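In this note's numbering, the protein residues as written are 82 to 323. By construction, the Cβ of each residue, glycine as well, lies at the ideal position given by its N, Cα and C atoms. Just so we're clear, the structure is a prediction, and the values are computed from it rather than from any experiment. Structure, as structure tokens:
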Ligand SMILES: NC(=O)c1ccc[n+]([C@@H]2O[C@H](COP(=O)([O-])OP(=O)(O)OC[C@H]3O[C@@H](n4cnc5c(N)ncnc54)[C@H](OP(=O)(O)O)[C@@H]3O)[C@@H](O)[C@H]2O)c1
């Protein structure tokens with residue numbers, strides 16, 4: 082790893098109260114895609130993947146959205162460096178996680194939490210429990226109540242959480258003011274595609290100056306990828322309609 086630039090002043094990080102400290106990590110192409118139009122998301126180079134696994138080993142939990150599980154079937158474990166495996170959290174309102182997905186059938190020693198809405202079908206919840214999932218019910222709405230989920234995860238002693246996408250969940254977490262840091266690896270490749278998922282999806286913001294403001298923390302190089310690290314500045318004061 083080569084440090085290209087880093088903040089010279091000491092920055093004190095605000096530790097959130099009542100929820101974990103949340104780091105959004107992703108790998109994207111130069112044109113901002115985190116997967117191609119066919120769902121291929123193998124974007125990071127080997128050196129960056131090692132960075133990601135090291136980060137995983139230093140957090141209490143990794144969290145992804147259900148579509149990432151359905152498309153990628155990831156393991157969400159630490160494999161490329163030595164270190165402990167964090168808990169795995171799937172945000173899955175309707176309990177659609179396949180019972181034979183890798184997060185449930187591989188590495189059974191690691192807790193996998195499936196966060197659902199109260200509306201999730203009971204029989205699917207029972208099936209997921211029968212294959213070892215820990216179910217956390219967060220809210221009664223169509224989607225998981227992310228603020229409530231963060232509170233519940235914090236009560237389960239999750240102090241640092243790594244958000245690993247995809248774009249829809251990234252937006253929802255940013256919109257709720259639930260992201261403290263962003264680390265994004267930019268790979269020197271362009272894939273285009275209007276249906277390819279970008280770093281942040283969702284309904285978006287109309288005016289640039291109402292956007293979520295960031296402060297650059299560092300620029301690092303891992304192999305051929307540039308890793309940009311940012312603090313999220315105004316997430317608590319942001320108004321989505323504004
Ligand atoms: N390159 C990278 O770093 C990287 C990392 C991760 C993923 N990816 C790629 O990203 C793609 C998937 O991204 P995606 O945007 O389609 O899906 P996603 O963000 O993985 O999952 C979105 C789903 O989360 C569920 N969800 C639950 N509560 C929610 C809430 N409060 N707000 C919003 N969503 C909520 C929704 O389904 P329910 O309503 O059914 O719960 C929603 O459809 C895949 O192709 C994957 O390969 C890339």
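Just how far apart, CA to CA, sit residue 132 and residue 163? As a position in the chain shown, residue 132 is number 51, starting the count at 1. As a position in the chain shown, residue 163 is number 82, starting the count at 1. Going by the C-alpha atoms only, they are around 12 Å apart.
For residue 322, count neighbouring Cβ atoms within 10 angstroms of its own Cβ and tell me buried if that reaches 16, exposed if not. The residue given as residue 322 occupies position 241 in the chain shown. With a pLDDT of 37 at residue 322, under the threshold of 50, the modelled position of this residue cannot be trusted, and the question is left open.
So what's residue 286 in DSSP terms, helix, strand or just coil? Position 205 of the chain shown holds residue 286. If DSSP states are grouped into helix, strand and coil, residue 286 belongs with coil.
Quick one: complete alpha helix (DSSP H) runs, 4+ long, within the stretch 123-177? If we require 4 residues or more, the alpha helix (DSSP H) runs fully inside the stretch 123-177 come out as 127-138 and 147-153.
How is residue 111 classed by DSSP in three states: helix, strand or coil? Translated into the one-based positions of the chain shown, residue 111 becomes position 30. DSSP places residue 111 in coil when its eight states are reduced to three.
Would you call residue 193 buried or exposed, if buried means 16 or more other Cβ atoms sit within 10 Å of its Cβ? Position 112 of the chain shown holds residue 193. Taking all protein chains shown into account, residue 193 has 16 or more neighbouring C-beta atoms within 10 Å of its C-beta and is therefore buried.
Classify residue 289: buried if its beta carbon has 16 or more other beta carbons within 10 angstroms, exposed otherwise. The residue you call residue 289 lines up with position 208 of the chain shown. Per the 10 Å Cβ criterion, exposed.
Can you tell me which residues form a DSSP beta bridge with residue 268? For the purposes of this step, residue 268 is taken as the residue at position 187 of the chain shown. DSSP lists 110 as partners of residue 268.
In chain order, what are the residue ranges of uninterrupted beta strand (DSSP E) at least 3 long that sit wholly in the stretch 176-235? 193-197 and 215-218
Should residue 187 be listed as close to ligand 1, given that the test is whether its C-beta is under 7 Å from any heavy atom? Translated into the one-based positions of the chain shown, residue 187 becomes position 106. No, Cβ of residue 187 sits at least 7 Å from all heavy atoms of ligand 1.
The stretch 303-317 in contact with the stretch 255-267 per 3-pair CB rule at 8 Å: Cβ pair count under 8 Å is three or more, so yes.
Taking C-alpha atoms, which residue in 237, 216, 203 and 248 lies nearest to residue 196? Reading the chain shown from its first residue, position 115 is the one you call residue 196. When each option's Cα is compared against that of residue 196, the closest is 216.
Check whether the Cβ atoms of residue 146 and residue 247 lie closer than 8 Å to each other. Against the chain shown, residue 146 aligns to sequence position 65. Against the chain shown, residue 247 aligns to sequence position 166. Yes, these two residues count as a Cβ contact at 8 Å.
Find out if the Cβ-Cβ distance for the pair residue 174, residue 140 is shorter than 8 Å. Residue numbering aside, residue 174 sits at position 93 when the chain shown is read from its first letter. Residue numbering aside, residue 140 sits at position 59 when the chain shown is read from its first letter. Between residue 174 and residue 140, the C-beta gap is not smaller than 8 Å, which leaves the two residues out of contact.
Grab the span of the beta strand (DSSP E) containing residue 242 for me, first residue to last. Along the chain shown, one-based indexing puts residue 242 at 161. Element bounds for residue 242: 241-244.
Straight-line CA distance for residue 242 to residue 275? Looking up residue 242 in the chain shown gives position 161. Looking up residue 275 in the chain shown gives position 194. Computed Cα separation, rounded: 30 Å.
So residue 83 is in the beta strand (DSSP E); what residue range does that whole segment cover? Taking the first residue of the chain shown as position 1, residue 83 is located at position 2. Unbroken beta strand (DSSP E) run through residue 83: 83-87.
Counterpart residues of residue 121 in DSSP-defined beta bridges: Taking the chain shown and counting its residues from 1, the one referred to as residue 121 is at position 40. DSSP, once it has assigned bridges, lists no residue as partnering residue 121.
Taking buried to mean at least 16 other C-beta atoms within 10 Å of its own C-beta, is residue 167 buried or exposed? Your numbering for residue 167 matches position 86 in the chain shown. Its Cβ being crowded by 16 or more others within 10 Å, residue 167 is buried.
Name the one or two DSSP bridge partners that residue 279 has. Residue mapping note: residue 279 aligns to position 198 of the chain shown, counting from 1. The secondary-structure analysis by DSSP pairs residue 279 across a beta bridge with 114.
For residue 307, does the three-state DSSP call read helix, strand or coil? Sequence index remark: in the chain shown, residue 307 carries index 226 (1-based). Looking at residue 307 - three-state DSSP - the assignment turns out to be strand.
For the putative contact between residue 255 and residue 293, defined by C-beta atoms under 8 Å, what is the C-beta separation to the nearest angstrom? To locate residue 255, count along the chain shown from 1; it is residue 174. To locate residue 293, count along the chain shown from 1; it is residue 212. About 6 Å separates the two Cβ atoms, so the contact holds.
Label residue 238 either buried or exposed according to how many other C-beta atoms from any shown protein chain fall within 10 Å of its C-beta, with 16 as the threshold for buried. On the chain shown, residue 238 is found 157 positions in, with the first residue counted as 1. Exposed.
Is residue 348 near ligand 1, in the sense that its beta carbon is under 7 Å from a heavy atom of that ligand? This structure cannot settle anything about residue 348, because the visible part of the chain is limited to 82 through 323.
Please state whether DSSP places residue 291 in a helix, a strand or coil. Indexing the chain shown from 1 puts residue 291 at position 210. Three-state DSSP puts residue 291 in a helix.
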